[in-house]
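**Student:** Residues in the sequence shown are numbered from 8 upward in steps of one, following our numbering.
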Amino acid sequence: MSAVEKKFNKLAATFRAALAVGNYRQGLEAARQALKISPNNPTLLADYALCLMRTKDHQQAYKTYLKLLHTLGEENMPGTALDGLTEACGWLKREDLVRRYGNLSLSVADQKYSQFPAYPLPDAPPAPFDGANPERNLIVFSLFGARPRYCESALKNVEAARDLFPGWRCRFYVDDSVPPAVLARLTAAGAQVVQVDEATRQAIPPTMWRFLVMEDPEVSRFQVRDADALLSERDRAAVEAWLQSDFWYHHMRDYFSHTELLLAGMWAGCHNPNLPGIRELITQYLKEEEAHKRFADQYFLRRSLWPTLRQSLLNHDDLFGFLDAQPFPPHEPVRWLTDSFHVGCNAAYQGIKVQSKLKDGELQPWGLFDAEGTQLCRYESPVARGYWEEWMPYFLCEAIADGTYNVRSLAK
8 MSAVEKKFNK LAATFRAALA VGNYRQGLEA ARQALKISPN NPTLLADYAL CLMRTKDHQQ
68 AYKTYLKLLH TLGEENMPGT ALDGLTEACG WLKREDLVRR YGNLSLSVAD QKYSQFPAYP
128 LPDAPPAPFD GANPERNLIV FSLFGARPRY CESALKNVEA ARDLFPGWRC RFYVDDSVPP
188 AVLARLTAAG AQVVQVDEAT RQAIPPTMWR FLVMEDPEVS RFQVRDADAL LSERDRAAVE
248 AWLQSDFWYH HMRDYFSHTE LLLAGMWAGC HNPNLPGIRE LITQYLKEEE AHKRFADQYF
308 LRRSLWPTLR QSLLNHDDLF GFLDAQPFPP HEPVRWLTDS FHVGCNAAYQ GIKVQSKLKD
368 GELQPWGLFD AEGTQLCRYE SPVARGYWEE WMPYFLCEAI ADGTYNVRSL AK
(Lines of atoms letter the chains of each structure in order from A and count residues from 1; the text may use other names and numbers.)
(Lines give C-alpha, C1' and ligand atoms only; values in the text may rest on other atoms or scores of the structure.)
Protein backbone atom coordinates (compact mmCIF):
# COMPACT_ATOMS: atom_id res chain seq x y z
CA MET A 1 0.00 0.00 0.00
CA SER A 2 1.38 3.40 -0.98
CA ALA A 3 1.86 6.29 1.42
CA VAL A 4 -0.98 8.17 -0.28
CA GLU A 5 -3.35 5.23 0.18
CA LYS A 6 -2.37 4.93 3.84
CA LYS A 7 -3.03 8.64 4.39
CA PHE A 8 -6.40 8.39 2.61
CA ASN A 9 -7.47 5.39 4.71
CA LYS A 10 -6.40 7.14 7.91
CA LEU A 11 -8.45 10.20 6.98
CA ALA A 12 -11.44 7.98 6.20
CA ALA A 13 -11.17 6.34 9.62
CA THR A 14 -10.91 9.75 11.29
CA PHE A 15 -13.98 10.93 9.39
CA ARG A 16 -16.08 7.91 10.41
CA ALA A 17 -15.05 8.21 14.06
CA ALA A 18 -15.83 11.94 14.10
CA LEU A 19 -19.31 11.51 12.65
CA ALA A 20 -20.05 8.62 15.01
CA VAL A 21 -19.87 11.11 17.91
CA GLY A 22 -21.35 14.06 16.01
CA ASN A 23 -18.06 15.96 15.69
CA TYR A 24 -18.77 17.53 12.31
CA ARG A 25 -15.91 20.03 12.54
CA GLN A 26 -13.37 17.25 12.81
CA GLY A 27 -15.18 15.36 10.05
CA LEU A 28 -15.10 18.48 7.89
CA GLU A 29 -11.34 18.81 8.20
CA ALA A 30 -10.79 15.11 7.46
CA ALA A 31 -13.00 15.33 4.35
CA ARG A 32 -11.22 18.51 3.22
CA GLN A 33 -7.82 16.80 3.47
CA ALA A 34 -9.11 13.71 1.67
CA LEU A 35 -10.46 15.83 -1.19
CA LYS A 36 -6.93 17.07 -1.83
CA ILE A 37 -6.04 13.46 -2.63
CA SER A 38 -9.22 12.64 -4.58
CA PRO A 39 -10.82 15.97 -5.62
CA ASN A 40 -13.84 14.66 -7.54
CA ASN A 41 -14.68 11.62 -5.42
CA PRO A 42 -18.51 11.65 -5.24
CA THR A 43 -18.68 10.02 -1.80
CA LEU A 44 -16.17 12.51 -0.42
CA LEU A 45 -18.03 15.46 -1.92
CA ALA A 46 -21.28 14.29 -0.31
CA ASP A 47 -19.56 13.78 3.06
CA TYR A 48 -17.88 17.18 2.83
CA ALA A 49 -21.17 18.90 1.95
CA LEU A 50 -22.94 17.26 4.91
CA CYS A 51 -20.25 18.46 7.33
CA LEU A 52 -20.41 21.96 5.85
CA MET A 53 -24.15 22.03 6.44
CA ARG A 54 -23.91 20.70 10.00
CA THR A 55 -21.31 23.38 10.79
CA LYS A 56 -23.72 25.97 9.33
CA ASP A 57 -21.73 26.89 6.23
CA HIS A 58 -24.88 26.57 4.19
CA GLN A 59 -23.67 28.53 1.16
CA GLN A 60 -20.61 26.35 0.70
CA ALA A 61 -22.66 23.20 1.35
CA TYR A 62 -25.04 24.28 -1.42
CA LYS A 63 -22.15 24.85 -3.84
CA THR A 64 -20.62 21.47 -3.00
CA TYR A 65 -23.91 19.59 -3.45
CA LEU A 66 -24.42 21.44 -6.74
CA LYS A 67 -20.95 20.39 -7.92
CA LEU A 68 -21.86 16.80 -7.08
CA LEU A 69 -25.13 17.11 -9.00
CA HIS A 70 -23.36 18.45 -12.07
CA THR A 71 -20.74 15.70 -11.82
CA LEU A 72 -23.17 12.80 -11.49
CA GLY A 73 -26.33 14.07 -13.15
CA GLU A 74 -29.81 13.93 -11.66
CA GLU A 75 -30.31 10.26 -12.48
CA ASN A 76 -27.18 9.19 -10.55
CA MET A 77 -27.36 11.61 -7.63
CA PRO A 78 -27.74 9.67 -4.33
CA GLY A 79 -31.03 10.31 -2.58
CA THR A 80 -29.28 11.41 0.61
CA ALA A 81 -27.33 14.02 -1.39
CA LEU A 82 -30.56 15.33 -2.96
CA ASP A 83 -32.00 15.57 0.54
CA GLY A 84 -28.91 17.50 1.64
CA LEU A 85 -29.12 19.84 -1.35
CA THR A 86 -32.77 20.54 -0.55
CA GLU A 87 -31.97 21.24 3.08
CA ALA A 88 -29.10 23.57 2.16
CA CYS A 89 -31.48 25.52 -0.10
CA GLY A 90 -33.92 25.71 2.80
CA TRP A 91 -31.35 27.27 5.11
CA LEU A 92 -30.55 29.78 2.35
CA LYS A 93 -34.29 30.57 2.06
CA ARG A 94 -34.37 29.65 -1.63
CA GLU A 95 -37.97 28.44 -1.77
CA ASP A 96 -37.86 27.92 -5.54
CA LEU A 97 -34.88 25.58 -5.23
CA VAL A 98 -36.37 23.81 -2.20
CA ARG A 99 -39.38 22.97 -4.35
CA ARG A 100 -37.27 21.92 -7.32
CA TYR A 101 -34.77 19.69 -5.54
CA GLY A 102 -37.18 18.44 -2.88
CA ASN A 103 -39.61 17.30 -5.55
CA LEU A 104 -36.73 15.68 -7.43
CA SER A 105 -35.55 13.83 -4.31
CA LEU A 106 -39.04 12.52 -3.57
CA SER A 107 -39.63 11.56 -7.21
CA VAL A 108 -36.37 9.58 -7.37
CA ALA A 109 -37.25 7.78 -4.13
CA ASP A 110 -40.78 7.11 -5.35
CA GLN A 111 -39.47 5.56 -8.56
CA LYS A 112 -37.20 3.28 -6.54
CA TYR A 113 -39.54 2.19 -3.75
CA SER A 114 -42.76 1.95 -5.76
CA GLN A 115 -41.28 -1.19 -7.29
CA PHE A 116 -41.66 -3.10 -4.02
CA PRO A 117 -44.86 -5.11 -3.44
CA ALA A 118 -48.11 -3.15 -3.01
CA TYR A 119 -51.12 -4.66 -1.28
CA PRO A 120 -54.62 -3.99 -2.61
CA LEU A 121 -57.00 -1.54 -1.01
CA PRO A 122 -60.60 -2.51 -0.29
CA ASP A 123 -62.99 -1.80 -3.14
CA ALA A 124 -65.18 0.51 -1.07
CA PRO A 125 -63.97 3.82 0.39
CA PRO A 126 -63.19 3.92 4.12
CA ALA A 127 -66.11 4.20 6.52
CA PRO A 128 -67.02 7.75 7.57
CA PHE A 129 -65.20 9.04 10.64
CA ASP A 130 -67.08 8.33 13.87
CA GLY A 131 -66.04 10.91 16.43
CA ALA A 132 -68.55 9.58 18.95
CA ASN A 133 -66.28 6.57 19.58
CA PRO A 134 -62.80 7.94 20.35
CA GLU A 135 -61.61 4.47 21.43
CA ARG A 136 -61.69 3.52 17.73
CA ASN A 137 -59.69 6.60 16.66
CA LEU A 138 -56.19 6.64 18.11
CA ILE A 139 -53.23 9.03 18.09
CA VAL A 140 -50.33 6.68 18.74
CA PHE A 141 -46.81 7.21 20.06
CA SER A 142 -43.81 5.16 21.13
CA LEU A 143 -42.41 6.24 24.50
CA PHE A 144 -39.28 4.81 26.10
CA GLY A 145 -36.59 6.09 28.42
CA ALA A 146 -36.70 8.53 31.31
CA ARG A 147 -35.89 11.80 29.58
CA PRO A 148 -38.12 14.83 30.15
CA ARG A 149 -37.77 15.95 26.52
CA TYR A 150 -39.97 13.00 25.56
CA CYS A 151 -42.00 12.31 28.70
CA GLU A 152 -43.12 15.89 29.38
CA SER A 153 -43.86 16.53 25.69
CA ALA A 154 -45.90 13.33 25.63
CA LEU A 155 -48.00 14.59 28.53
CA LYS A 156 -48.46 17.95 26.83
CA ASN A 157 -49.71 16.14 23.75
CA VAL A 158 -52.40 14.34 25.74
CA GLU A 159 -53.52 17.70 27.10
CA ALA A 160 -53.55 19.28 23.63
CA ALA A 161 -55.35 16.30 22.06
CA ARG A 162 -58.33 16.72 24.42
CA ASP A 163 -58.93 20.12 22.85
CA LEU A 164 -57.70 19.61 19.28
CA PHE A 165 -58.94 16.07 18.67
CA PRO A 166 -61.95 15.39 20.93
CA GLY A 167 -63.02 12.43 18.75
CA TRP A 168 -59.65 10.74 19.26
CA ARG A 169 -57.73 9.16 22.13
CA CYS A 170 -53.95 9.02 22.69
CA ARG A 171 -52.22 5.67 23.06
CA PHE A 172 -48.61 5.17 24.14
CA TYR A 173 -46.62 1.99 23.54
CA VAL A 174 -44.12 1.89 26.42
CA ASP A 175 -41.62 -0.28 28.25
CA ASP A 176 -40.45 -0.28 31.87
CA SER A 177 -37.79 2.35 31.20
CA VAL A 178 -40.50 5.03 31.41
CA PRO A 179 -40.82 6.26 35.03
CA PRO A 180 -43.92 4.88 36.79
CA ALA A 181 -44.91 8.43 37.76
CA VAL A 182 -45.02 9.41 34.08
CA LEU A 183 -47.16 6.39 33.23
CA ALA A 184 -49.53 7.27 36.06
CA ARG A 185 -49.81 10.86 34.82
CA LEU A 186 -50.52 9.69 31.27
CA THR A 187 -53.27 7.37 32.48
CA ALA A 188 -54.75 10.05 34.73
CA ALA A 189 -54.82 12.44 31.77
CA GLY A 190 -56.94 9.94 29.81
CA ALA A 191 -54.35 8.24 27.60
CA GLN A 192 -54.13 4.53 26.94
CA VAL A 193 -50.82 3.00 28.05
CA VAL A 194 -49.81 -0.29 26.41
CA GLN A 195 -46.89 -2.16 27.96
CA VAL A 196 -44.86 -3.80 25.20
CA ASP A 197 -44.02 -7.39 26.12
CA GLU A 198 -40.44 -8.64 26.30
CA ALA A 199 -40.63 -10.71 23.12
CA THR A 200 -41.79 -7.67 21.14
CA ARG A 201 -39.11 -5.49 22.68
CA GLN A 202 -36.46 -7.93 21.54
CA ALA A 203 -37.91 -8.26 18.04
CA ILE A 204 -38.99 -4.71 17.16
CA PRO A 205 -37.09 -1.42 17.68
CA PRO A 206 -38.90 0.98 20.05
CA THR A 207 -39.63 3.60 17.39
CA MET A 208 -41.69 0.99 15.53
CA TRP A 209 -43.90 -0.08 18.47
CA ARG A 210 -46.46 2.57 17.54
CA PHE A 211 -47.03 0.83 14.19
CA LEU A 212 -48.56 -2.08 16.14
CA VAL A 213 -51.79 -0.08 16.22
CA MET A 214 -52.35 -1.53 12.76
CA GLU A 215 -52.87 -5.01 14.24
CA ASP A 216 -55.68 -3.83 16.53
CA PRO A 217 -59.00 -4.78 14.84
CA GLU A 218 -60.91 -2.42 17.14
CA VAL A 219 -59.16 0.65 15.69
CA SER A 220 -60.79 2.29 12.67
CA ARG A 221 -58.39 5.20 12.16
CA PHE A 222 -55.00 6.09 13.56
CA GLN A 223 -52.54 8.97 13.52
CA VAL A 224 -48.86 8.06 14.06
CA ARG A 225 -46.95 10.82 15.84
CA ASP A 226 -43.65 11.59 17.61
CA ALA A 227 -43.81 12.03 21.38
CA ASP A 228 -41.55 15.12 21.27
CA ALA A 229 -43.49 16.89 18.48
CA LEU A 230 -46.56 18.82 19.62
CA LEU A 231 -50.03 18.47 18.15
CA SER A 232 -51.37 21.73 16.78
CA GLU A 233 -54.16 23.57 14.98
CA ARG A 234 -52.18 23.18 11.75
CA ASP A 235 -52.17 19.40 11.72
CA ARG A 236 -55.77 19.34 13.01
CA ALA A 237 -56.88 21.25 9.89
CA ALA A 238 -55.01 18.79 7.66
CA VAL A 239 -56.44 15.77 9.46
CA GLU A 240 -59.96 17.21 9.22
CA ALA A 241 -59.51 17.54 5.44
CA TRP A 242 -58.47 13.89 5.32
CA LEU A 243 -61.50 12.82 7.36
CA GLN A 244 -63.77 14.58 4.86
CA SER A 245 -62.09 12.79 1.93
CA ASP A 246 -62.22 9.25 0.52
CA PHE A 247 -58.48 8.71 0.90
CA TRP A 248 -57.35 5.73 2.95
CA TYR A 249 -54.14 7.35 4.14
CA HIS A 250 -52.82 10.80 5.05
CA HIS A 251 -49.36 12.36 5.19
CA MET A 252 -47.85 15.79 5.93
CA ARG A 253 -44.60 17.54 5.03
CA ASP A 254 -44.02 20.94 6.61
CA TYR A 255 -40.28 21.68 6.57
CA PHE A 256 -37.52 21.75 4.01
CA SER A 257 -35.88 18.66 5.54
CA HIS A 258 -39.08 16.61 5.13
CA THR A 259 -37.92 14.77 2.03
CA GLU A 260 -38.69 11.22 3.18
CA LEU A 261 -41.51 9.47 1.31
CA LEU A 262 -43.23 8.81 4.65
CA LEU A 263 -42.20 10.69 7.77
CA ALA A 264 -42.56 8.25 10.65
CA GLY A 265 -44.39 10.68 12.92
CA MET A 266 -46.53 12.52 10.36
CA TRP A 267 -48.81 9.95 8.74
CA ALA A 268 -52.21 8.42 9.38
CA GLY A 269 -54.45 5.69 8.05
CA CYS A 270 -57.58 3.59 8.20
CA HIS A 271 -57.70 -0.07 9.15
CA ASN A 272 -56.97 -1.97 5.92
CA PRO A 273 -57.95 -5.66 6.16
CA ASN A 274 -56.00 -6.43 2.98
CA LEU A 275 -52.60 -5.71 4.56
CA PRO A 276 -50.60 -8.64 5.99
CA GLY A 277 -49.94 -8.57 9.72
CA ILE A 278 -47.77 -5.59 10.62
CA ARG A 279 -45.48 -7.77 12.77
CA GLU A 280 -44.92 -10.03 9.79
CA LEU A 281 -43.98 -7.08 7.60
CA ILE A 282 -41.65 -5.60 10.24
CA THR A 283 -39.96 -8.95 10.93
CA GLN A 284 -39.36 -9.54 7.24
CA TYR A 285 -37.94 -6.05 6.79
CA LEU A 286 -35.57 -6.35 9.75
CA LYS A 287 -34.23 -9.67 8.47
CA GLU A 288 -33.31 -8.02 5.19
CA GLU A 289 -32.13 -4.64 6.54
CA GLU A 290 -30.25 -5.51 9.72
CA ALA A 291 -27.79 -2.62 9.36
CA HIS A 292 -30.46 0.06 9.41
CA LYS A 293 -32.00 -0.44 12.86
CA ARG A 294 -31.24 3.13 13.94
CA PHE A 295 -33.62 4.45 11.28
CA ALA A 296 -35.73 1.32 11.04
CA ASP A 297 -39.09 3.08 11.35
CA GLN A 298 -38.37 5.52 8.53
CA TYR A 299 -36.79 3.01 6.18
CA PHE A 300 -39.44 0.37 6.86
CA LEU A 301 -42.21 2.75 5.88
CA ARG A 302 -40.73 3.68 2.53
CA ARG A 303 -39.91 0.13 1.52
CA SER A 304 -42.71 -1.92 3.04
CA LEU A 305 -45.72 0.42 3.24
CA TRP A 306 -45.14 3.24 0.75
CA PRO A 307 -46.16 1.21 -2.35
CA THR A 308 -49.52 0.46 -0.70
CA LEU A 309 -50.18 3.85 0.90
CA ARG A 310 -49.42 5.86 -2.24
CA GLN A 311 -52.43 4.25 -3.97
CA SER A 312 -54.79 6.35 -1.86
CA LEU A 313 -52.83 9.08 -0.08
CA LEU A 314 -53.83 12.65 0.72
CA ASN A 315 -50.65 14.73 1.01
CA HIS A 316 -50.54 18.13 2.69
CA ASP A 317 -47.39 19.97 1.68
CA ASP A 318 -46.82 23.65 0.82
CA LEU A 319 -43.16 23.10 -0.06
CA PHE A 320 -42.52 20.41 -2.65
CA GLY A 321 -45.78 19.80 -4.50
CA PHE A 322 -45.00 16.10 -4.75
CA LEU A 323 -47.66 13.52 -5.71
CA ASP A 324 -50.55 15.97 -6.15
CA ALA A 325 -49.91 17.51 -2.75
CA GLN A 326 -52.44 19.98 -1.41
CA PRO A 327 -51.49 23.06 0.60
CA PHE A 328 -52.34 23.01 4.29
CA PRO A 329 -55.92 24.22 4.85
CA PRO A 330 -56.52 27.55 6.59
CA HIS A 331 -56.44 27.15 10.35
CA GLU A 332 -56.59 29.01 13.65
CA PRO A 333 -53.34 30.42 15.06
CA VAL A 334 -51.07 27.71 16.45
CA ARG A 335 -51.09 27.70 20.23
CA TRP A 336 -47.36 27.11 20.58
CA LEU A 337 -45.73 30.53 20.78
CA THR A 338 -42.58 29.88 18.80
CA ASP A 339 -41.46 31.46 15.53
CA SER A 340 -39.92 28.21 14.38
CA PHE A 341 -43.00 25.98 14.69
CA HIS A 342 -43.90 23.52 11.97
CA VAL A 343 -45.79 20.26 12.07
CA GLY A 344 -43.44 17.58 13.36
CA CYS A 345 -40.86 19.94 14.84
CA ASN A 346 -38.92 18.94 17.95
CA ALA A 347 -40.25 20.74 21.02
CA ALA A 348 -37.04 20.13 23.00
CA TYR A 349 -34.63 22.43 21.20
CA GLN A 350 -33.46 24.08 24.42
CA GLY A 351 -31.81 22.71 27.54
CA ILE A 352 -30.89 23.41 31.13
CA LYS A 353 -27.55 22.97 32.90
CA VAL A 354 -27.42 22.81 36.70
CA GLN A 355 -24.53 22.42 39.15
CA SER A 356 -24.29 19.25 41.22
CA LYS A 357 -22.16 18.13 44.15
CA LEU A 358 -22.30 14.50 43.03
CA LYS A 359 -19.39 12.73 41.38
CA ASP A 360 -19.11 12.37 37.63
CA GLY A 361 -21.23 9.49 36.40
CA GLU A 362 -23.64 9.56 39.34
CA LEU A 363 -27.31 10.27 38.77
CA GLN A 364 -28.60 13.54 40.21
CA PRO A 365 -32.27 13.35 41.26
CA TRP A 366 -34.08 16.62 40.60
CA GLY A 367 -37.59 17.95 40.55
CA LEU A 368 -39.53 20.69 38.83
CA PHE A 369 -41.69 22.79 41.18
CA ASP A 370 -44.38 25.40 40.62
CA ALA A 371 -44.62 28.76 42.41
CA GLU A 372 -46.57 27.18 45.30
CA GLY A 373 -43.84 24.62 45.86
CA THR A 374 -45.74 21.68 44.38
CA GLN A 375 -43.50 19.10 42.73
CA LEU A 376 -44.61 18.66 39.13
CA CYS A 377 -42.19 15.95 38.02
CA ARG A 378 -39.04 14.11 39.07
CA TYR A 379 -36.14 12.81 36.97
CA GLU A 380 -32.54 11.66 37.37
CA SER A 381 -29.74 12.96 35.15
CA PRO A 382 -26.07 11.92 34.86
CA VAL A 383 -23.47 14.29 36.29
CA ALA A 384 -20.40 15.33 34.28
CA ARG A 385 -17.78 17.91 35.29
CA GLY A 386 -19.88 19.12 38.20
CA TYR A 387 -23.10 19.62 36.22
CA TRP A 388 -26.10 17.74 34.95
CA GLU A 389 -27.78 18.70 31.69
CA GLU A 390 -31.08 17.90 30.02
CA TRP A 391 -32.80 18.89 26.81
CA MET A 392 -36.25 20.10 27.82
CA PRO A 393 -39.45 21.04 26.00
CA TYR A 394 -39.31 24.74 25.26
CA PHE A 395 -42.46 25.47 27.29
CA LEU A 396 -40.74 24.18 30.44
CA CYS A 397 -37.52 26.07 29.68
CA GLU A 398 -39.50 29.28 29.32
CA ALA A 399 -41.39 28.66 32.57
CA ILE A 400 -38.08 28.06 34.36
CA ALA A 401 -36.56 31.20 32.82
CA ASP A 402 -39.44 33.47 33.89
CA GLY A 403 -39.64 32.01 37.39
CA THR A 404 -43.01 30.28 37.01
CA TYR A 405 -41.25 26.97 37.69
CA ASN A 406 -38.00 26.23 39.47
CA VAL A 407 -35.59 23.29 39.49
CA ARG A 408 -34.37 21.79 42.74
CA SER A 409 -31.87 19.04 43.41
CA LEU A 410 -33.31 16.19 45.44
CA ALA A 411 -31.71 13.75 47.84
CA LYS A 412 -30.65 10.40 46.38
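The beta carbon of each residue, even a glycine, is placed where N, CA and C say it ideally should be.
All values reported here derive from a predicted model rather than from experimental measurement.
Can you look up H278 in the DSSP assignment and give me helix, strand or coil?
**Tutor:** H278: coil per DSSP, three-state reduction.
**Student:** Does R232 come out as helix, strand or coil in the three-state DSSP assignment?
**Tutor:** If DSSP states are grouped into helix, strand and coil, R232 belongs with the strands.
**Student:** Would you please state the rounded distance, in angstroms, between the beta carbons of A244 and N164? I believe it to be under 8 Å.
**Tutor:** A244 to N164, Cβ: 17 Å. No contact.
**Student:** Classify A168 as helix, strand or coil using the three-state DSSP reduction.
**Tutor:** Of the three classes helix, strand and coil, the one that applies to A168 here is helix, per DSSP.
**Student:** Rounded to whole angstroms, what's the CA-CA distance from M84 to S114? Just pull it up for me.
**Tutor:** Each residue's alpha carbon lies about 12 Å from the other.
**Student:** With A56 and Y72 assumed to form a contact (beta carbons below 8 Å), what rounded beta-carbon distance in angstroms separates them?
**Tutor:** That belief holds up - the Cβ atoms of A56 and Y72 are roughly 5 Å apart, short of 8 Å.
**Student:** With a threshold of 6 Å on Cβ separation, who are the neighbours of A125 within its own chain once the five nearest residues in sequence on each side are excluded?
**Tutor:** P314 and T315.
**Student:** Here's the rule: buried if 16 or more other CB atoms are within 10 angstroms of the residue's CB, otherwise exposed. What is N322?
**Tutor:** Flag for N322 reads buried.
**Student:** Would you mind stating whether N144 and G109 have Cβ atoms separated by less than 9 Å?
**Tutor:** No; because the gap between Cβ atoms is not below 9 Å, this pair is not in contact.
**Student:** Okay, do the stretch 354 to 369 and the stretch 387 to 400 touch, 3+ Cβ pairs below 8 Å being the bar?
**Tutor:** Taking 8 Å as the limit for Cβ pairs, the verdict is that the stretch 387 to 400 does touch the stretch 354 to 369.
**Student:** In terms of alpha-carbon separation, which member of R61, T93, L250 and G272 lies closest to F302?
**Tutor:** Checked all of R61, T93, L250 and G272; the closest Cα to F302 is G272.
**Student:** Of the choices C277, L293, E379 and S363, whose alpha-carbon is the least far from that of P372?
**Tutor:** When each option's Cα is compared against that of P372, the closest is S363.
**Student:** Which of the three DSSP states is assigned to M84 in this structure?
**Tutor:** Correct three-state label for M84: coil.
**Student:** From which residue to which residue does the beta strand (DSSP E) around R420 run?
**Tutor:** Nothing in the structure corresponds to residue 420, since the chain is present only between 8 and 419.
**Student:** Between A88 and L75, how many whole angstroms is the CB-CB distance? I'm expecting something under 8 Å.
**Tutor:** Going by Cβ atoms, the distance from A88 to L75 rounds to 6 Å, so yes, they are a contact pair.
**Student:** So, with DSSP's three-state summary, where would you put E396?
**Tutor:** Strand, per DSSP.
**Student:** Please list, in chain order, all residues of the same chain as F136 whose beta carbon is under 6 Å from its beta carbon, the five residues on each side excluded.
**Tutor:** Here the set comprises L250.
**Student:** Please work out which residues of its chain come closer than 7 Å, Cβ to Cβ, to R217, disregarding the five sequence neighbours upstream and downstream, and give them in chain order.
**Tutor:** Here the set comprises V147, F148, S149, Y180 and V231.
**Student:** State the CB to CB distance for the pair G374 and L417, rounded to an integer number of angstroms; the pair is presumed to be in contact (CB under 8 Å).
**Tutor:** Yes, G374 and L417 are in contact; Cβ-Cβ is about 5 Å, under 8 Å.
**Student:** To the nearest angstrom, report how far apart E222 and P280 are at their CA atoms.
**Tutor:** Taking the straight line joining both Cα atoms gives about 10 Å.
**Student:** Does DSSP put K366 in a helix, a strand or coil?
**Tutor:** In this structure, K366 counts as coil in the three-state DSSP scheme.
**Student:** Going by DSSP, which residues form a beta bridge with H257?
**Tutor:** DSSP, once it has assigned bridges, lists A275 and L321 as partnering H257.
**Student:** For V414, I'd like the list of residues in its chain whose CB is within less than 7 Å of its CB, leaving aside the five on either flank, ordered along the chain.
**Tutor:** Answer for V414: I359, V361, W373, L375 and I407, listed in chain order.
**Student:** In the DSSP assignment, what residue or residues form a beta bridge with W373?
**Tutor:** Looking at the DSSP assignment, W373 forms a beta bridge with Y386 and S416.
**Student:** Helix, strand or coil for A95? Go by DSSP, reduced to three states.
**Tutor:** Reduced to three states, the DSSP call for A95 is helix.
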